[in-house]
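Novice:
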Amino acid sequence: MSAADLILMADRIHTMTGSAAPTAIAVAGGVIVALGDRADARDWRGPRTEILDLGPATITPGLVDGHFHPVMGIGLTRGVDLSGVRTLDGLKAALKAAAVAPGGWIEGWGLDPNAFEGTPITHAPLVEAAGPDLPVFLLLFDGHSALVSPRALELAGITGPREFPSGAGVVCGADGRPTGHLLELDAFNLVRRILPADDPAARRERLRDLLDRMAATGLTAADAMDFEEDSLELFRTLEDDGDLPVRWRCAPFVMPGAGADGLDDVIARQRLSGRRWRVEGAKFMIDGTIDGGTAWLDEPDTHGESTACLWPDPAEYAAAARHLAGNGVPIVTHAIGDAGIRYVLDTYAGLPRTRAPHRIEHLETMPSDLIGRFAELDVTAGMQPTHCTHYTRADHTDNWSTRLGKRRADRAFRARDLRDQGARLTLGSDWPIAPFDPRAIIAAARLRRPAGHADVEPILPEQALTAEMALEGYTTEAATAAGRSGRLIPGQRADLTVFGLDPLTASPDEFADSPVPLTVVDGTVAHRSQ
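If you read the sequence shown in this note's numbering, its first letter stands for residue 6, the second for the next number, and so on.
#1: In the DSSP output, which residue or residues are listed as bridge partners for Cys255?
#2: Compute the Euclidean distance between the alpha carbons of Val85 and Asp117, then round it to the nearest angstrom.
#3: List the DSSP bridge partners of Trp405.
#4: Would you mind stating whether Ala450 and Ala483 have Cβ atoms separated by less than 8 Å?
#5: Determine the burial state of Pro308: buried for a count of at least 16 other Cβ atoms within 10 Å of its Cβ, exposed for fewer.
#6: So which of Pro130, Leu13, Ser88, Arg274 has the shortest CA-CA distance to Ala62?
#7: From Gly331 to Ala229, what distance separates their C-alpha atoms?
#8: Can you give the Cα-Cα distance for Glu285 and Pro520, rounded to whole angstroms?
#9: In chain order, what are the residue ranges of uninterrupted beta strand (DSSP E) at least 3 long that sit wholly in the stretch 112-163?
#10: Between the beta-carbon of Ala256 and the beta-carbon of Asp303, is there less than 8 Å?
#11: Considering only residues of the stretch 449-527, which uninterrupted beta strand (DSSP E) runs meet the minimum length of 3 residues and lie entirely inside it, listed in chain order?
#12: Rounded to whole angstroms, what is the Cα-Cα separation between Ala414 and Met219?
#13: Ordered along the chain, which non-local residues of its own chain (more than five positions away) have a Cβ less than 8 Å from that of Pro335?
#14: Inspect the beta-carbon positions of Gly491 and Gly71 and report whether they are closer than 8 Å.
#15: Where does Leu59 sit, in a helix, a strand or coil, going by DSSP?
#16: If we count the other Cβ atoms within 10 Å of its Cβ and call it buried at 16 or more, is Gly60 buried or exposed?
#17: Whole angstroms is fine: what's the gap from Pro372's alpha carbon to Gly528's?
#18: Among the residues of its own chain, which have a CB less than 8 Å from the CB of Leu375, if the five just before and after it don't count?
#19: Along the alpha helix (DSSP H) that carries Ala325, what are the first and last residues, could you check?
#20: Relative to the C-alpha of Leu145, which residue among Arg398, Val132, Ala531, Thr127 is closest?
#21: Checking 8 Å against the spacing of the C-beta atoms, do Val503 and Ala104 come in under that value?
#22: When you compare only the Cα positions, how much space is there between Gly51 and Tyr479?
#23: Is Ser311 buried or exposed, if buried means 16 or more other CB atoms sit within 10 Å of its CB?
#24: Is it buried or exposed, Ile494, if we count other Cβ atoms within 10 angstroms and call 16 or more buried?
#25: In or out: Asp400 buried (at least 16 other Cβ within 10 Å) or exposed?
#26: Can you check whether the CB of Arg91 is closer than 8 Å to the CB of Ala120?
#27: Quick one: what does DSSP say Ser236 is sitting in, helix, strand or coil?
#28: I believe Gly223 touches Pro443 by the beta-carbon criterion, under 8 Å. Please report the beta-carbon distance rounded to the nearest angstrom.
#29: Taking contact to mean at least 3 C-beta pairs separated by less than 8 Å, is the stretch 451-461 in contact with the stretch 379-396?
#30: Report the three-state DSSP secondary structure of Cys393 (helix, strand or coil).
#31: Check each candidate in Thr510, Ala511, Val337, Pro437 and name the one with the smallest Cα separation from Ala487.
#32: Please determine, among Ser512, Ile446, Thr299, Phe379, the residue with the shortest C-alpha to C-alpha distance to Arg408.
#33: Does DSSP put Ser278 in a helix, in a strand, or in coil?
#34: So, under 8 Å CB-CB, Val259 and Thr225 are touching, yes? Tell me the CB distance rounded to an integer number of Å.
#35: Spatial neighbours of Arg416 within its chain, please: CB distance less than 7 Å, with the 5 preceding and 5 following residues excluded, ordered by chain position.
#36: What is the DSSP secondary structure of Pro536, counted as helix, strand or coil?
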């Protein structure tokens, strides 16, 4: 072989092939060219080879976040971070301390509906904290609903109920007046579209900062579940300035009412790509969220809600998915509730295969009869462990669980059942819905509670993944879902993550704080801790 560009040595290299672990790896031209022992590295080097001995560190295949919203996310995370708010008093205090943005608005994101402690979600605390005349827009943590002030409703011209093709809604009180709670994108976008515009340069800076922070946690790639707005311009502009520190596979949204022109546009966008990003796939939503009462369940929730598909006619979803898959487009569908998951699986059973397998995302509550169908149909299951550990509780006192009732809450986030029955399971964050640090997510997948919180009771601990399963969810399983290998073998592209601790032997709580000394993408260093 010719001289390597980069040689890494470490006490452990998990190739994910099941063979003996090497201690040295050589990279040339962006691909792995050799694996062996430290002594072998002498034969791989040349005068320009960079050689790094990382000592007791562990090298794994590059981590891939299976569900991310980069461009939508930088727009949805404007203003004050409310993810730490747990009570109405805490919400009011955060709003009183919040800076008023240019244009005269208060914006916030990440608000947990459990802060309302079972009472109706209304704009009353917004008025109490910010007064009646200030427009306020707060995105709830699920990204599918928002809470806005009376002034914001007035500016958007929202005076009563609205009908939307997607089933979105403006929540109104007994008097017919809006409460400020807006369910699903079509409803809250009525207000979001009148918010002060983002500066393009600021958006580029926020996206670049996001990618750098991702690389610093060990992420080398992610599946972007959107390709909207200015995604094309942002990715191209950033690549004009240099290589992206994280590679992307993007799936544009397909919403109800897209029509033939909208589907043709999604097909046309499959040709778009850059050095480290490409469009491949189409993202659908069959339902909304359990917390907002917009999931699609076999039986109503305890509020009498979550009974309908997001598409007014589910057959239109099936027809759109069939048309795109027939043109080689892999289908990704958000499905939360049991009825929604079943309908998507039935739809996928009749779809042609594409280069990458079709996927279903979230899978929050489902009966046992659906579990085995994922392997049977070769459908990828995408799950986000911190959705379970951050937003639900073992005692079922949270909003999500009380809406479902004990029987359905007891079949929540069935990650282990899926793996045990042969399903391909990718893990991810759904950022900005939850933090993206893969170390904490891998730990949560094993613990079924937040890392570092041993005092918190695990949620359905029988659904915990093994250490190897959790790592596979970010490596081999995620790569196979994209039609790649995800293993460290010669000929594969050199995307590598280096940890200070071994993810297969360190305790989950300790691993969540593991240093990440190095992240390598395409054989080049994307992050170095020193």
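Even for Gly, the Cβ is constructed at its ideal location relative to N, Cα and C. This structure is a prediction, so every number in the text was calculated from the model and none was measured.
Specialist: This is what the structure gives:
#1: As DSSP reads the structure, Cys255 sits in a beta bridge with Ala229, Val284.
#2: Using only the alpha carbons, I get a separation of about 13 Å.
#3: Listed as beta-bridge partners of Trp405 by DSSP are no residues whatsoever.
#4: Their beta carbons are not under 8 Å apart, which means Ala450 does not touch Ala483 by this criterion.
#5: A quick correction: the sequence has His, not Pro, at residue 308. When all chains shown are included, His308 counts as exposed.
#6: Cα-wise, what sits closest to Ala62 is Leu13.
#7: Gly331 and Ala229 have their C-alpha atoms spaced approximately 22 Å apart.
#8: Taking the straight line joining both Cα atoms gives about 33 Å.
#9: Counting whole runs of 3 or more residues, the stretch 112-163 contains the beta strand (DSSP E) stretches 141-145, 150-153.
#10: Going by C-beta atoms, Ala256 is not nearer than 8 Å to Asp303.
#11: Listed in chain order, the complete beta strand (DSSP E) runs (minimum 3 residues) inside the stretch 449-527 are 501-504, 523-526.
#12: Straight-line measurement puts the Cα of Met219 at about 32 Å from the Cα of Ala414.
#13: If we look at Pro335 and ignore the five residues flanking it on each side, its Cβ neighbours are Ala256, Glu285, Gly286, Ala287, Thr359, Arg360, Ala361, Pro362, His363, Arg364.
#14: Remark: C-beta atoms of Gly491 and Gly71 do not approach each other more closely than 8 Å.
#15: Reduced to three states, the DSSP call for Leu59 is coil.
#16: Flag for Gly60 reads exposed.
#17: In this structure, the alpha-carbon of Pro372 lies about 44 Å from that of Gly528.
#18: If we look at Leu375 and ignore the five residues flanking it on each side, its Cβ neighbours are Asp343, Ile346, Arg347, Leu350.
#19: 319-331 is the span of the alpha helix (DSSP H), which, as asked, contains Ala325.
#20: Cα-wise, what sits closest to Leu145 is Thr127.
#21: Cβ atoms of Val503 and Ala104: not closer than 8 Å.
#22: Roughly 33 Å between the two C-alpha positions.
#23: Around the Cβ of Ser311, a 10 Å sphere holds 16 or more other Cβ atoms; the residue is buried.
#24: Around the Cβ of Ile494, a 10 Å sphere holds fewer than 16 other Cβ atoms; the residue is exposed.
#25: Exposed: under 16 other Cβ atoms inside 10 Å.
#26: Their beta carbons are under 8 Å apart, which means Ala120 touches Arg91 by this criterion.
#27: Ser236 falls in the helix class under three-state DSSP.
#28: Taking a contact as a CB-CB distance under 8 Å, the pair Gly223 and Pro443 counts as one, their CB atoms being some 6 Å apart.
#29: They touch, by the three-pair rule.
#30: Collapsing the DSSP output to three states places Cys393 in a helix.
#31: The candidate whose alpha carbon is nearest that of Ala487 is Val337.
#32: Each of Ser512, Ile446, Thr299, Phe379 was checked against the Cα of Arg408, and the nearest Cα belongs to Thr299.
#33: In this structure, Ser278 counts as strand in the three-state DSSP scheme.
#34: So it is not a contact: roughly 28 Å between Cβ atoms.
#35: So the list reads Thr370, Met371, Pro372, once near-sequence residues are dropped.
#36: Residue 536 is absent from the structure shown; the chain starts at 6 and stops at 535.
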